[in-house]
Every structure is written in structure tokens, then in C-alpha cells.
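In the order they appear, the protein sequences are chains Y and C. The numbers in numbering that gives the first Met the number 0 rise by one with no breaks, and the one at position 78 of the first sequence is 77. The numbers in numbering that gives the first Met the number 0 rise by one with no breaks, and the one at position 23 of the second sequence is 22. For each residue, glycine too, the CB sits at the ideal point set by N, CA and C. Keep in mind it's a predicted model, so treat the numbers as computed, not measured.
Protein chains: 2
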Amino acid sequence: MQNRTLELLKSYHLKATPQRIEILNVIESLGHANIDEIYEVAKKKHSTMSLATVYKNITALLEKNILNEVALNNFKSKYEIVKDRHAHLVCKECGYVQDIELNQEIKHISKDISSDYNFNFENLELNIYGVCSKCSK
Amino acid sequence: MQNRTLELLKSYHLKATPQRIEILNVIESLGHANIDEIYEVAKKKHSTMSLATVYKNITALLEKNILNEVALNNFKSKYEIVKDRHAHLVCKECGYVQDIELNQEIKHISKDISSDYNFNFENLELNIYGVCSKCSK
DNA sequence: TCCTAATTAATAATTTTTATTTGTAATAAT
DNA sequence: ATTATTACAAATAAAAATTATTAATTAGGA
Numbered sequence: 000m001q002n003r004t005l006e007l008l009k010s011y012h013l014k015a016t017p018q019r020i021e022i023l024n025v026i027e028s029l030g031h032a033n034i035d036e037i038y039e040v041a042k043k044k045h046s047t048m049s050l051a052t053v054y055k056n057i058t059a060l061l062e063k064n065i066l067n068e069v070a071l072n073n074f075k076s077k078y079e080i081v082k083d084r085h086a087h088l089v090c091k092e093c094g095y096v097q098d099i100e101l102n103q104e105i106k107h108i109s110k111d112i113s114s115d116y117n118f119n120f121e122n123l124e125l126n127i128y129g130v131c132s133k134c135s136k
Numbered sequence: 000m001q002n003r004t005l006e007l008l009k010s011y012h013l014k015a016t017p018q019r020i021e022i023l024n025v026i027e028s029l030g031h032a033n034i035d036e037i038y039e040v041a042k043k044k045h046s047t048m049s050l051a052t053v054y055k056n057i058t059a060l061l062e063k064n065i066l067n068e069v070a071l072n073n074f075k076s077k078y079e080i081v082k083d084r085h086a087h088l089v090c091k092e093c094g095y096v097q098d099i100e101l102n103q104e105i106k107h108i109s110k111d112i113s114s115d116y117n118f119n120f121e122n123l124e125l126n127i128y129g130v131c132s133k134c135s136k
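Next comes the structure, spelled out in C-alpha cells:
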């Protein structure tokens, strides 16, 4: 949506097509969504939307770092708008993903890594698996 | 391999077939491997090995918690023998995965989660992405 | 308004994963 | 040990997921 997204797309020379904007809207409103979820929801507003279009846009948006992949054990990857460092609660039952704050210790892990392991740190992904409140009833 | 593996399989009522043992050997020797890597290496010792056999065994071993999936951004999932809690260094270039120690703070994250978010904690996966020393040359 | 490159829809092709079938082999029972 | 039972493997087919192709459309700049 909105000017921020439009500006972002523009700055990366991606056209602000209705399909692309809709895909971003869906992801933003769901928080995290996989290919099929995005396709199903986006299709409602945009009946001709093709699954291949979703794939291609996701790929393009990942390359530009507008989206971030969330690879999950036992579920298809979900995608989220890039945002500040955070962790994920992942429900093993339903696959729901919830963002949570990352504590300070983990945020500072990067320095250690780079020196201790001669590894060029870029980002970290902390996924916490368990059962959400809905599913544990 | 060896008695530990054989005992483990036995205790889960999984037959210790040559194919299954070979698959476990390959994973153990590589540390982390995806389906194709396992298939390619296992095929050398066991020329009739079928890809479907690898899939089926990985699924069975995951269900029994003998193996653990390592879902990766931008790469196919890899599999590892279940072991004590640890983190992964993941090279964005070559996909190589290296185990590292998990520091104490993270090890204790489970308590907070369960209470703060009404979430039934099971396990966590910390993947640190960057470029390994080989690829950064 | 026009032009051009990017994008889309539709479709096909490819790749990945799962299911089915049939024969075989590992374990348990005898 | 020998046989019976069941899990398993290989081969194949089927299904699901992803990517490529093509021709038509459209966004965004000139």
C-alpha cells in the first residue's frame, strides 16, 4: 500500500502493478504467509491472479530485500515484510507464526560470530517451535 | 552406524536395513545434508538406492526424532542427527551448515516464552546467515 | 500521448515429492 | 533353525510444487 511501499518499489525499479501491491498487502495483513495463502487471498480481489505471478513477485521482492523468507520445519516457507530483528514463535500444529521481541543478548551475537568463526555475519533467524494456545486446548 | 544406531532403530521398531543404515552414515559423516546429497552419496555404496527410499526413510527417521530437519532460507532443507541444542552458521553462498555452541542465555529462553506468550515451548532453531570463510575469498 | 521495457495470464515444462505395487528381506514366532 | 509376518525397497506412476515460455497488456517515463 501506501506511499512507503510505492516509494520502495520505485527505488528498486519495480513497477507498482496492482497485483504486486495486492501481494504486499496480503502479506502485510497476514503478517506471515506462504505462497498458497498469498495466492488464495489475493485472488479474491484480483480474480485473474495467477499462481506463477505470485511466485515471480515473491522472488523479485526477496531479491530486493523487501520481503524476507521464513523457512520452517515441516511447513512451506512463509514470507514477511522485512522489519527489525525479531524472533518467531511457530506452532507445530497449525503453522501459525507470531513475531516476538528479540532480547538484547541475541541481538549482539553477531560480533562474537564474526571473530570466533571467521564468518561474515549478515543476519540471524530464531524460530521457536511449540504449540500455540489455540492448538493446545 | 554401530551399536548405538542399531539399538536406536530397534527401540523404535525400525528395521536396520542396509539402506537405512547407509543413509544415517551419510548424514553423520556430512553433518548436515539435503535429500539430493544423501541420495548421491548413498548411491555410491548402494547402487540400486532409490530416491523414494531416501524420502521415505527421512520421513520415518524424522517422525521418530532420530533426525532433525534444518529448514533453510533459499536452500532445500537439510537433515542432521538429533543432538544437544546448538545453533547453525549457514553460508548464503554455498549453503554449508556448521554447528556452533548455543550460549547460555538462549538456552534458557524457553521459560520466558512459555509464560509470556502462553506458548507450549518444544525446541528452538537458531540459524545465523552470512558468508563462510571459503566463499568470502 | 506515445514508447518501451516490465509485467501478467495462460500454458507448458520441469522438478520435487508422494503414492502404489510387487517382490524381497528382516525380525518374530514356532 | 525354519517358517510366518510385516516392514521395507525398487520401480514406476501420480501428484504437487516450481519455473519457463509466449503473447498480450500495462505502468511509468520521455
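Put simply, the CB of C:S114 is far from chain Y, with every gap to its CB atoms at 7 angstroms or more.
Per DSSP, reduced to three states, the secondary structure at C:C134 is helical.
When secondary structure is reduced to three states using DSSP, C:V96 falls in the strand class.
Interface annotation, C:L88: in contact with chain Y, CB-CB separation under 7 angstroms. Boundaries of the beta strand (DSSP E) harbouring C:L66: L66 to L71, taken from the DSSP string. Put simply, the backbone Cα of C:N102 is about 9 angstroms away from that of Y:I108. Contact note: C:V81 does not reach chain Y at a C-beta cutoff of 9 angstroms; the least C-beta distance is about 12 angstroms. For C:K77, the enclosing beta strand (DSSP E) covers residues F74 to I80. Cα atoms of Y:I105 and C:F74: separation of roughly 24 angstroms, rounded to the nearest angstrom. Taking all protein chains shown into account, Y:K77 has 16 or more neighbouring C-beta atoms within 10 Å of its C-beta and is therefore buried. Burial of C:L125 is indicated by the presence of at least 16 other C-beta atoms within 10 angstroms of its C-beta. A direct Cα-to-Cα measurement between Y:S114 and C:I26 gives close to 28 angstroms.
Between Y:K63 and Y:L13 a beta carbon distance of about 7 angstroms is seen, short of the 8 angstroms cut, so the two are scored as contacting. In the three-state DSSP reduction, Y:L123 falls in the strand class (E or B). Interface with chain C (7 angstroms Cβ-Cβ cutoff): Y:Y78 is excluded. At a cut-off of 7 angstroms between beta-carbon atoms, C:I34 makes no contact with chain Y.
Nearest to Y:V53 by C-alpha distance, out of Y:F118, Y:Y116, Y:T4 and Y:E21, is Y:E21. Secondary structure at C:N33: strand, using DSSP grouped into helix, strand and coil.
Contact of C:S132 with chain Y by beta-carbon distance below 9 angstroms involves Y116, N117, F118 and N119. Taking all protein chains shown into account, C:N33 has 16 or more neighbouring C-beta atoms within 10 Å of its C-beta and is therefore buried. When the beta-carbon positions are compared, C:A70 and Y:L71 come within less than 7 angstroms of each other.
In terms of CA proximity to C:C131, C:G94 leads the group C:E6, C:G94 and C:K9.
At a cut-off of 7 angstroms between beta-carbon atoms, Y:E124 makes contact with chain C.
Closer than 9 angstroms at the C-beta level to chain C, one finds these residues of the region 58 to 78 of chain Y: L61, N67, E68, V69, A70, L71, N72, N73, F74 and S76.
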